[in-house]
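Enquirer:
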Amino acid sequence: MFPAFHTHCTHLFLVEGNESACDPSQGYNVSWYLRYSDCYNEVFNFGDDQAEIYFGDRSEERSGWSGYYAMSSLYFPNCSELFKPQNFYSEFVHPELLSNGKQEISRDRRENGTNVTTIAETPPMNAVMRTWQDGPYIFIVHIGFSSLKEASVNVKGTTSDGLPKVLVPAGAQEALFTMIVEVKGPYEYLSLADYPLMIFFMVMCIVYVLFGVLWLAWSACYWRDLLRIQFWIGAVILLGMLEKAVFYAEFQNIRYTGESVQGALILAELLSALKRSLARILVIIVSLGYGIVKPRLGVTLHKVIVAGSLYLLFSGVEGVLRVTGAQNDLASLAFIPLAFLDTALCWWIFISLTQITKMLKLRRNVVKLSLYRHFTNTLILAIAASVVFVIWTTLKFRLVDCQSDWQELWVDDAIWRLLFSMILFVIMILWRPSANNQRFAFSPLSEEEDDDDEQKEPMLKESFEGMKMRSSKQESNGNPKPTKAEDDLKWVEENVPSSVTDVALPALLDSDEERMITHFERSKME
Numbered sequence: 001m002f003p004a005f006h007t008h009c010t011h012l013f014l015v016e017g018n019e020s021a022c023d024p025s026q027g028y029n030v031s032w033y034l035r036y037s038d039c040y041n042e043v044f045n046f047g048d049d050q051a052e053i054y055f056g057d058r059s060e061e062r063s064g065w066s067g068y069y070a071m072s073s074l075y076f077p078n079c080s081e082l083f084k085p086q087n088f089y090s091e092f093v094h095p096e097l098l099s100n101g102k103q104e105i106s107r108d109r110r111e112n113g114t115n116v117t118t119i120a121e122t123p124p125m126n127a128v129m130r131t132w133q134d135g136p137y138i139f140i141v142h143i144g145f146s147s148l149k150e151a152s153v154n155v156k157g158t159t160s161d162g163l164p165k166v167l168v169p170a171g172a173q174e175a176l177f178t179m180i181v182e183v184k185g186p187y188e189y190l191s192l193a194d195y196p197l198m199i200f201f202m203v204m205c206i207v208y209v210l211f212g213v214l215w216l217a218w219s220a221c222y223w224r225d226l227l228r229i230q231f232w233i234g235a236v237i238l239l240g241m242l243e244k245a246v247f248y249a250e251f252q253n254i255r256y257t258g259e260s261v262q263g264a265l266i267l268a269e270l271l272s273a274l275k276r277s278l279a280r281i282l283v284i285i286v287s288l289g290y291g292i293v294k295p296r297l298g299v300t301l302h303k304v305i306v307a308g309s310l311y312l313l314f315s316g317v318e319g320v321l322r323v324t325g326a327q328n329d330l331a332s333l334a335f336i337p338l339a340f341l342d343t344a345l346c347w348w349i350f351i352s353l354t355q356i357t358k359m360l361k362l363r364r365n366v367v368k369l370s371l372y373r374h375f376t377n378t379l380i381l382a383i384a385a386s387v388v389f390v391i392w393t394t395l396k397f398r399l400v401d402c403q404s405d406w407q408e409l410w411v412d413d414a415i416w417r418l419l420f421s422m423i424l425f426v427i428m429i430l431w432r433p434s435a436n437n438q439r440f441a442f443s444p445l446s447e448e449e450d451d452d453d454e455q456k457e458p459m460l461k462e463s464f465e466g467m468k469m470r471s472s473k474q475e476s477n478g479n480p481k482p483t484k485a486e487d488d489l490k491w492v493e494e495n496v497p498s499s500v501t502d503v504a505l506p507a508l509l510d511s512d513e514e515r516m517i518t519h520f521e522r523s524k525m526e
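As numbered in UniProt numbering, residues 1 to 526 make up the sequence shown, in order.
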């Protein structure tokens, strides 16, 4: 077992199995070895094959890797005694300082192998040891059979369920019980190295929930004018929220049950890989001007899909290998192409941003140019912060022989997620839905030129402000000389009536009156 423990973490021996199948004539000798190291990398790189080498060792593994150790053994005359709750010690075993000389220690171990000092504290039921300071520990258990020659059961490390690995040599009888080693501290089963990460994921989960509520409120207020890029941003926020929630639930499960659900860790890493892939696709299409400068990506769309798929594949494989505890060589093999791909994507993004910025300068689109300048500055600051942090972590954790600052190891994982969240927040602010949402949308070049002409027109008026128009040349008497067209219009107005009825109507009226009078006179005569 190799987590980092709190002070006063208690190690308990619990046995499960079929007590009725125990052989009363067979005894068991249970020996344990607890080793504290000032160097976290000694514990972190500990393998199951090193259990036999470390067990009972009282010297430093390497010069400068100081620490303490404590060990003892318990004898059980039969199997039934293992299942009974009992106090193994009246006082806890006192730790001793690791020595530099292995040969001297080996001689001293042979002479004083049974010498034990204890801590003046009454142990609880089934407790064998209590840690004496915060830090990383190695705990090894060895179970031997007293009635079988050369038969022993070695407990080395832990299984995926958090239980000790029991290795039964060939010729030994089948194991009839399972010994469970429980380590409980102030945070239950959660180690001190993982507790800051649990708090970090809890805070980040709350932050992403606030991101989601804020983005949903903005989108609901201006849902008629939403851009396609804004739907991408919403998807990234949703995936980030799910990722942080799964990680936090996994840490809570470890804290209260002491068991890690490997499926939950794999799901969280795959969600994280999908979120980062979508985020990089989002940054790429924004840098290409999709939906803002260009209506479509055309052939470039296939390149974007291939880049996003490759990043999803490499990041997913790297995350799964890391959480499943695969060999370091395989994890490094997946990380190397991921780093090269990330570098190539950054180069592509900045080349595209440079081209888009030049285009917007030529079009004199001040609004979109300001948007892309802020976006470019944000990416530059993020990359600069990443480079500084990589240098710091390399000097702090990679290039040192003894990693003593294990309390800061959680920052190595948290800083990248925090940096990603900060970039996402800046993108949310820059592309937030608003009443003027369409100012960022794509508009054809002709419309932009018309807008430019409208913007130039008031400038022309302002440039001629205060100037007087020079009048046309006049005759010597002050009256302008009439043109031929004006003379013709004047003659038409004087000689041609405005309508035909003005001329014909009086004649028509006269003839009607005459006919009426004639008809009236005829009627009288009749």
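Note that beta-carbon positions come from the ideal geometry of N, C-alpha and C, so glycine has one too.
#1: From the DSSP output, read off the bridge partner residues of residue 138.
#2: So if DSSP puts residue 428 in a beta bridge, which residue, or which two residues, is it bridged to?
#3: Measure from the C-beta of residue 51 to each C-beta in chain D and report whether the shortest distance is under 8 Å.
#4: Could you work out which residue in 210, 34 and 379 is closest to residue 68 when comparing CA atoms only?
#5: Using CA atoms only, rank isn't needed, just tell me which of 25, 14, 12 and 430 is closest to residue 229.
#6: Flag this pair as touching only if the segment 298–310 and the segment 244–254 have three or more C-beta atom pairs under 8 Å; answer yes or no.
#7: When burial is assigned at 16 or more other CB atoms within 10 Å of the CB, is residue 9 buried or exposed?
#8: Tell me the start and end of each unbroken beta strand (DSSP E) in the segment 40–79 that is at least 3 residues and wholly inside, in chain order.
#9: Enumerate in chain order the residues of its own chain whose CB-to-CB distance from residue 254 is below 8 Å, with the five nearest sequence positions on each side excluded.
#10: Take residue 16 and list the residues in its own chain whose beta-carbon comes closer than 7 Å to its own, dropping the five residues that flank it on each side.
#11: Does the segment 19–31 come into contact with the segment 77–87, if we say contact requires no fewer than three beta-carbon pairs (one atom in each stretch) closer than 8 Å?
#12: Helix, strand or coil for residue 94? Go by DSSP, reduced to three states.
#13: With C-beta atoms as the reference, is residue 360 less than 8 Å away from residue 369?
#14: For residue 530, I'd like the list of residues in its chain whose CB is within less than 7 Å of its CB, leaving aside the five on either flank, ordered along the chain.
#15: At a cut of 8 Å, does the segment 270–278 reach the segment 231–248 through at least three beta carbon pairs?
#16: Residue 129: buried (16+ other C-beta within 10 angstroms of its C-beta) or exposed?
#17: Using a threshold of 8 Å, state whether the C-beta atoms of residue 297 and residue 341 are closer than that.
#18: Within a Cβ cutoff of 7 Å, which residues of the same chain sit near residue 75, ignoring the five residues on either side of it in sequence?
#19: With a CB to CB cut of under 7 Å and the five nearest residues on each side skipped, what residues in its chain are close to residue 416?
#20: So is residue 244 buried or exposed if we call it buried at 16+ other beta carbons inside 10 Å?
#21: Enumerate in chain order the residues of its own chain whose CB-to-CB distance from residue 86 is below 8 Å, with the five nearest sequence positions on each side excluded.
#22: Measure the Cβ-Cβ separation of residue 319 and residue 272 and say whether it is below 8 Å.
#23: If we call anything under 8 Å between Cβ atoms a contact, is residue 218 one with residue 432?
#24: Since residue 12 sits in a beta bridge, which residues does DSSP pair it with?
#25: If you drop the 5 nearest sequence neighbours on each side, which residues of the same chain put their C-beta closer than 7 Å to that of residue 22?
#26: Report the three-state DSSP secondary structure of residue 89 (helix, strand or coil).
#27: So, is residue 366 buried or exposed, given that buried needs 16 or more other C-beta atoms within 10 angstroms?
#28: Short check: CB of residue 99 to CB of residue 72, under 8 Å?
#29: Could you say which of 239, 54, 428 and 13 lies nearest to residue 123 if we only look at CA atoms?
#30: How close, in whole Å, do the beta carbons of residue 222 and residue 434 come, if the pair is a contact with beta carbons under 8 Å?
#31: Nearest to residue 266 by alpha carbon, out of 313, 322, 347 and 50?
#32: Relative to the C-alpha of residue 31, which candidate in 94, 137, 144 and 11 has its C-alpha closest?
#33: Mapping the DSSP letters down to three states, classify residue 189 as helix, strand or coil.
#34: What distance in whole Å lies between the Cβ atoms of residue 239 and residue 274, which are believed to be in contact at a cut-off of 8 Å?
Expert: Walking through what the data contain:
#1: According to DSSP, residue 138 bridges with 35.
#2: Paired residue(s): none; residue 428 is not in a bridge.
#3: This model lacks chain D altogether, as it is built from one protein chain only.
#4: Nearest in C-alpha terms to residue 68, of all of 210, 34 and 379, is 34.
#5: Residue 430 is the option with its Cα nearest to residue 229.
#6: The segment 298–310 vs the segment 244–254: no contact.
#7: Counting the other Cβ atoms within 10 Å of the Cβ of residue 9 gives 16 or more, which makes it buried.
#8: The segment 40–79 contains these whole beta strand (DSSP E) runs: 67–76.
#9: Residues of the same chain with a CB within less than 8 Å of the CB of residue 254, apart from the 5 flanking positions on each side, are 189, 190, 194 and 260 in chain order.
#10: For residue 16, where only same-chain residues beyond five positions count, the Cβ hits under 7 Å are 177, 178 and 180.
#11: Touching, yes, given that three or more Cβ pairs across the two stretches are closer than 8 Å.
#12: If DSSP states are grouped into helix, strand and coil, residue 94 belongs with coil.
#13: Cβ distance < 8 Å, so residue 360 and residue 369 count as in contact.
#14: The structure shown has nothing for residue 530, since the chain only spans 1 to 526.
#15: Segments in contact, yes.
#16: So residue 129 counts as buried.
#17: Going by C-beta atoms, residue 297 is not nearer than 8 Å to residue 341.
#18: Answer for residue 75: 27 and 29, listed in chain order.
#19: The answer is none, since no qualifying residue turns up.
#20: Residue 244 counts as buried, since no fewer than 16 other beta carbons sit within 10 angstroms of its beta carbon.
#21: Its chain contains 125 and 126 as the residues whose beta carbon lies nearer than 8 Å to that of residue 86, once the 5 sequence neighbours on both sides are disregarded; these appear in chain order.
#22: Their beta carbons are under 8 Å apart, which means residue 319 touches residue 272 by this criterion.
#23: Judged by their CB atoms, residue 218 and residue 432 are nearer to each other than the 8 Å cut-off.
#24: Its beta-bridge partners are 127 and 182.
#25: Taken in chain order, the residues that qualify are 78, 79, 80 and 176.
#26: Annotated three-state conformation of residue 89 is coil, per DSSP.
#27: That one is exposed.
#28: Taking a C-beta distance under 8 Å as the contact criterion, residue 99 and residue 72 do not qualify as a contact pair.
#29: Comparing Cα positions, the closest option is 13.
#30: Taking the Cβ atoms as the reference, residue 222 lies roughly 6 Å from residue 434, within the contact range of under 8 Å.
#31: Put simply, of 313, 322, 347 and 50 the residue whose alpha carbon is nearest the alpha carbon of residue 266 is 322.
#32: Taking the Cα of residue 31 as reference, the smallest distance to any Cα among 94, 137, 144 and 11 is reached at 144.
#33: Here residue 189 sits in coil by DSSP.
#34: Your pair residue 274 and residue 239 checks out as a contact, with CB atoms roughly 6 Å apart and the cut at 8 Å.
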